[in-house]
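A.B. asks: Those protein sequence lines, which keep their order, are chains C and P.
One rule links them: number in my numbering = place in the first sequence (from 1) + 94.
One rule links them: number in my numbering = place in the second sequence (from 1) + 94.
I have a structure here, written as structure tokens, and I will follow up with some questions on it.
There are 2 protein chains.
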Amino acid sequence: MKHKPYSKCFRVLSSDLRIKIIASLHSKSMSVKELSESLGEERSKVSHALRRLKECGFVKSKRDGKSNIYVLTKSILNDVKKEGNLFDIIEEHVRKKCNKGRRCF
Amino acid sequence: MKHKPYSKCFRVLSSDLRIKIIASLHSKSMSVKELSESLGEERSKVSHALRRLKECGFVKSKRDGKSNIYVLTKSILNDVKKEGNLFDIIEEHVRKKCNKGRRCF
DNA sequence: TTCATATGTGAATTTACTTTCACATAAGTT
DNA sequence: AACTTATGTGAAAGTAAATTCACATATGAA
């Protein structure tokens with residue numbers, strides 16, 4: 095088992111904003127502006143976040159006129175749709191374990 | 095969907111050392127000293143890492159004489175054993191997506 | 001081509017995390 | 001009790017990541 099890839103991927107998922115972006119894009123592909131407005135976050139912040147998500151293959155983008163539309167890649171899109179996906183696993187863990195510890199939240 | 099729990103859990107998993115510890119404890123429950131020696135990492139570093147893993151419910155500890163033996167909790171232990179677990183999902187993602195991006199590794 | 005809109009990006013700043021170190025505690029041994 | 005071993009812990013120092021901001025680029029409209 096190589097460790098670096100795991101920690102790197104988890105690190106990209108370790109930001110609240112980036113998780114929000116994944117959740118948003120799951121409902122609907124969006125431009126930076128749309129994401130930025132719907133999340134109430136500064137545009138450049140969203141842009142930097144998207145870059146990190148893109149670098150690790152969680153999202154991709156396509157030009158549409160003046161906008162760049164961001165889309166979840168199949169990989170993570172499938173995860174979110176499938177039963178027993180990445181988020182289910184974490185959610186279950188959180189439900190069972192994390193609320194008991196003081197510091198986790 | 096609450097976002098904080100996700101990002102917090104992912105953050106705890108975003109350290110190479112902490113992933114190594116999880117992998118080690120998967121083979122065998124160990125004391126801080128044993129972990130520290132087998133990983134070649136400074137004792138206090140391992141102790142701090144274990145605290146974070148414990149805070150988020152990934153490991154628990156039990157006294158055994160002078161030692162504290164660290165054990166993976168059922169939650170994550172099951173994950174590592176089950177097909178389609180957390181690590182499989184990330185591994186598959188890495189294999190498919192991350193090696194294409196420059197920055198991910 | 002000039003202007004407005006949407007976005008990307010680098011760098012400085014700020015914030016968060018990790019590592020190290022000295023010391024405290026706890027249990028077993030002599 | 002005094003000593004040794006194993007560990008926990010707080011705080012300083014070091015390192016990395018997030019945020020902000022000014023500017024660059026790219027596309028469509030007038």
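C-beta atoms are modelled at their ideal positions from N, C-alpha and C, and glycine is treated no differently.
Remember, predicted model here, so these are calculated numbers, not experimental data.
Sorted by chain position, which residues of the same chain lie with C-beta nearer than 7 Å to ILE170(P)'s C-beta, five sequence neighbours on each side aside?
C.D. replies: Closer than 7 Å at Cβ, skipping near neighbours: ILE116 and PHE152.
A.B. asks: What is the DSSP secondary structure of SER123(P), counted as helix, strand or coil?
C.D. replies: DSSP places SER123(P) in coil when its eight states are reduced to three.
A.B. asks: Quick check on DSSP: helix, strand or coil for SER155(C)?
C.D. replies: It is a strand residue.
A.B. asks: State the beta-bridge partners of TYR164(P) as determined by DSSP.
C.D. replies: Per DSSP, MET124(P) and SER155(P).
A.B. asks: If you check the beta carbons only, do ILE113(P) and HIS187(C) fall under 8 Å apart?
C.D. replies: For ILE113(P) and HIS187(C), no; Cβs fall outside 8 Å.
A.B. asks: Between TYR164(C) and chain P, is the shortest Cβ-Cβ distance under 8 Å, so that the two count as touching?
C.D. replies: Output row for TYR164(C): interface = no.
A.B. asks: Would you decide whether GLU131(C) is buried or exposed? Buried here means 16 or more other CB atoms lie within 10 Å of its CB.
C.D. replies: Classification for GLU131(C): exposed.
A.B. asks: Return the CA-CA distance between GLU135(P) and ILE184(C), expressed in angstroms with no decimal places.
C.D. replies: One C-alpha to the other measures close to 28 Å.
A.B. asks: Buried or exposed for ARG196(P), please, with buried defined as at least 16 other CB atoms from any protein chain shown within 10 angstroms of its CB.
C.D. replies: Because ARG196(P) sits at a pLDDT of 45, beneath the cut-off of 50, its placement in the model cannot be relied upon, and the point is left open.
A.B. asks: Determine the contact status of LYS154(C) and THR167(C), defining contact as a CB-CB distance below 8 Å.
C.D. replies: Yes, the Cβ-Cβ distance between LYS154(C) and THR167(C) is below 8 Å.
A.B. asks: Would you decide whether ARG137(P) is buried or exposed? Buried here means 16 or more other CB atoms lie within 10 Å of its CB.
C.D. replies: It is exposed - the Cβ of ARG137(P) has fewer than 16 other Cβ atoms within 10 Å.
A.B. asks: Using DSSP with H/G/I as helix, E/B as strand and the rest coil, what is LYS148(C)?
C.D. replies: Helix, per DSSP.
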